[in-house]
Amino acid sequence: MKLFKVAALGSVAVVALAGCGLGSGGSSANSSKVQQSVDSSAKLSGTINFQTWALKNDKFTPYFTKLIADFEKQHPGTKVNWVDQPGDGYADKVSSQISSNSLPDVVNLPPDIAFAGVKSGALLNLAKSDPKINQTYVKSGLADYTYKGVDGTYAYPWYLGTDVSYWNTDILKKAGLDTRNLPTTFDGLVAAAKKVHDATGGKQYLMSRKPNLYDIMATGAPIMNSDGTKFTFNTDAAAALISKYADAYKSGYMPREVLSSDYQGNDALFKKQQVGWTTSTGYYITSLKTDAPTLAPKVIGSPAIDVAPLYSQGISVSAKSKRPALALAFAQFVTNNANQTAFVDVAKGFLPGTQAAQSDPQFTKSDGTPAGDAAVLGARALPKAKSLGAPQWDQQDSDYLDQQIALAMTGKQTPKQALDNAVNKANSLLSK
Amino acid sequence: MVRTHRWFTPWIMVLPALVILCVFALWPAVNTFFLSFTDVRTLSGGKIVGLANYRQLLDDPQLRSALLNTVVYVVVCVPLLTFLPLLIAILAEKPLRGLAIFRTIFYFPVIASAVAVAVIWKFLLDDRGLINGWAQHAGIIQDAVPFLSGRWLLLFSAISLTVWKGLGYYMVLYLSALGNVDPQLHEAAAVDGAGPIRRFWSVTVPGVRRTMVLVAILVMVSAMRIFTELYILGGKTGGVGGQDVSVVFLIQSSAAGADGRLGYASALSVLLFLITLPPMALLARFNRKVDE
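Sequences listed follow chains A and Y, in order.
With this note's numbering, letter number 87 in the first sequence gets 111, and the count goes up by one each step, no holes.
With this note's numbering, letter number 55 in the second sequence gets 181, and the count goes up by one each step, no holes.
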């Protein structure tokens, strides 16, 4: 087994060096001593590493600098080294850290990457070391780090996000659409898209996205079977949804770019005012004031179409940390209510993953502006927002589904074939 | 007298290069070959699965697309990048004032980052990009040309980018080769009444034939390993429905992520190695002939 892992590590190196081969190096993730639980009353001392994901920048650096300084001040004799990884390739980076036993003591992970770490025994079961975890953090956030067939919880919910719908009122008015009565269902969205198409002679659009797995989940399709061993979302209802998208595309209600572009393509078109609807966090209008100042005053928010998706970020502790008590204490410190509230004060549009924050009026009271209304819409949607609940679904699966849906939308295959292909491929990619 | 040259002296000289070669080329290659017979994932050990990955290659419809795209890439790129840089080199070779600026302009794409260049091309070729916008404004076309979403148009857009970016590099190779063509041959041919085209085919081409073969083989190998242009122009899904992927694209997508299939990606790497072997063997044979 170890031989295979050494060989696997070799592969990563060749990918990096040659661009087309495979390689890497390091020892087994399971080979060194794994901490099963931590004595949280142990004396805190020494140095730990803390890793965030794309958060070292002008906006967030002051927050983390202060956070670490506060912790070190509260616990003399401790030191926290903060490292940040770039946005792209984070799963690959964490994988190589796990393979080479160099995963930082405290690490920011989304549920799918954390799941890969859990499978290889790299993360600490926090539920075992922290009996108050269920009373401190929100259920939906904890659920994202609790995996079928695996005992325990593997991250503290840190910041949670969901989608709010955003509309360009100029485009809506051109199509004679009522800005006080915005679409709340997909069928309503398509009907509005037709009006925009007809009113602008096909020069402007309302929609510019393909459906993804969250949309399929909103049809009621079960993403996986009950024991999490097979994907099962190739239902007739899901196929009907893709058919509707395909019809809308063929009718010219969406630009051609939707076939090959991702969310960022949709966002770019919205900012260029070529598309009238997009989705983002509750902070979007405020960010538009800087990114697209002429557009920002024209934008209003409304609840997400059909079902709001839940996006989670968590703070995990390495099972192989040499200072587990310190790592656990720091993870709890980062995710306590005061620090999470201070964090989302910088990361606008997100909500803390603590129970105490859910009733905090600062997240549920609007200042009366469209930006304030949107932030409240996001906060109110969070309790009902749904996550996929399938951490096995990874980027490779997502890209393949995207490809299959694009082929269905261009008529090269039926929606059912697209879903069957995606399910078969995803099942074949599941780790045996 | 102290003997400074022992039997092992040459080995000491080549040792650093040998170590680098073994660690960064030989071992990963052997390792990749070994992995191709396993089902190893990024974070989990695996077992030997024999030829299962290779059997899976045969059933992979995306691989068939990738191989077709690779063949098209090679067939279009090789002649274009063998002859166009030669023609430009002939023009750039003339001792005219200000020609250095043109040489620099032609060479500029070579030193520019492939990603930066591809992003600029994406802006140009987009449905609402400069080219479509200008053509629509001028009344040449009504609907935008789907440079980035048409199955073949995207491939040819990527090929155009590869050719544009490669022109300068191969031009430099030709400039050096043209310097070795005896000018008296051109003068003699001119005296015999040969025009510029005849002189090109009868004097220039035979004079740079070795460089042309070298360029053709280099282009062939790099066309088989194409990735960046397709990834940037076609997005991470490889164009609409993944129809414009290349073999390297598939290797990248198979091995990426926390649950990447290193075994399958290794089998793809071995396949890529096998298909690049004939042109590489040709190059080795050609180099040997030149040496002789």
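Ideal Cβ positions, reconstructed from N, Cα and C, are used throughout, including at glycine.
Residue-chain proximity (residue i, chain Y), Cβ-Cβ < 8 Å
i	result
P279 (chain A)	yes
T434 (chain A)	yes
K57 (chain A)	Confidence at K57 (chain A) is low in this model, with a pLDDT of 48, below 50, so the placement of that residue should be treated as unreliable; the coordinate-derived value is given next. So no, K57 (chain A) is outside the interface.
K440 (chain A)	no
K268 (chain A)	no
I122 (chain A)	yes
S65 (chain A)	no
S284 (chain A)	yes
Q115 (chain A)	The residue you asked about is not Gln; residue 115 (chain A) is Ala in the sequence shown. Yes, its Cβ sits closer than 8 Å to a Cβ of chain Y.
D423 (chain A)	yes
Closer than 8 Å to chain A by CB, residue i
i	result
G365 (chain Y)	yes
G361 (chain Y)	yes
S379 (chain Y)	yes
S275 (chain Y)	yes
L397 (chain Y)	no
Collapsed DSSP secondary structure at residue i in the structure displayed
i	result
K419 (chain Y)	Any question about residue 419 (chain Y) goes unanswered here, given that chain Y covers just 127 to 418.
F353 (chain Y)	coil
G276 (chain A)	coil
P333 (chain A)	strand
N125 (chain A)	coil
F209 (chain Y)	helix
Y238 (chain A)	helix
R387 (chain Y)	strand
Y307 (chain A)	coil
R277 (chain Y)	helix
N105 (chain A)	strand
L147 (chain A)	strand
K415 (chain Y)	helix
S64 (chain A)	coil
I324 (chain A)	strand
M248 (chain A)	strand
F232 (chain Y)	helix
R325 (chain Y)	helix
R190 (chain Y)	helix
A42 (chain A)	Residue placement at A42 (chain A) is flagged as unreliable, the pLDDT there being 40, under the threshold of 50; a coordinate-derived value is accordingly withheld.
Residue burial classification, residue i (beta-carbon count within 10 angstroms, cutoff 16)
i	result
W327 (chain Y)	exposed
L196 (chain A)	buried
S326 (chain A)	buried
R387 (chain Y)	buried
A264 (chain A)	exposed
K313 (chain A)	exposed
E313 (chain Y)	exposed
R167 (chain Y)	buried
F249 (chain Y)	exposed
Residues that residue i contacts on chain A, provided the C-beta gap is smaller than 7 Å
i	result
G368 (chain Y)	Q427
D253 (chain Y)	P279, R280 and E281
P272 (chain Y)	R280
Partner residues on chain A for residue i, Cβ-Cβ distance less than 9 Å
i	result
L192 (chain Y)	Checking the sequence shown, residue 192 (chain Y) turns out to be Ala, not Leu. What A192 (chain Y) touches in chain A: nothing, since even the nearest Cβ is about 12 Å away.
Contacts that residue i makes with chain Y (C-beta to C-beta distance below 7 Å)
i	result
A140 (chain A)	L169, A384 and D385
V118 (chain A)	A384
Pair within 8 Å by beta-carbon distance, residue i and residue j
i	j	result
D253 (chain Y)	P272 (chain Y)	yes
Y390 (chain Y)	Q188 (chain Y)	no
A342 (chain Y)	T196 (chain Y)	no
A138 (chain A)	I122 (chain A)	no
A403 (chain A)	L334 (chain A)	no
T158 (chain Y)	V396 (chain Y)	yes
G111 (chain A)	R347 (chain A)	no
G361 (chain Y)	S284 (chain A)	yes
Y161 (chain A)	G377 (chain A)	yes
T363 (chain Y)	Q441 (chain A)	no
V188 (chain A)	S304 (chain A)	yes
Y183 (chain A)	F367 (chain A)	yes
V307 (chain Y)	F412 (chain Y)	no
Contact set between residue i and chain Y, taken where Cβ atoms lie within less than 8 Å
i	result
D418 (chain A)	G383, A384 and D385
K143 (chain A)	L169 and S170
L453 (chain A)	D385 and R387
I137 (chain A)	A384
Q298 (chain A)	R254
Proximal residues of chain Y, C-beta to C-beta of residue i below 9 Å
i	result
L431 (chain A)	V366, G367, G368 and Q369
Chain D within 8 Å of residue i, Cβ atoms only
i	result
T208 (chain Y)	Included in the structure are the protein chains A and Y, with no chain D among them.
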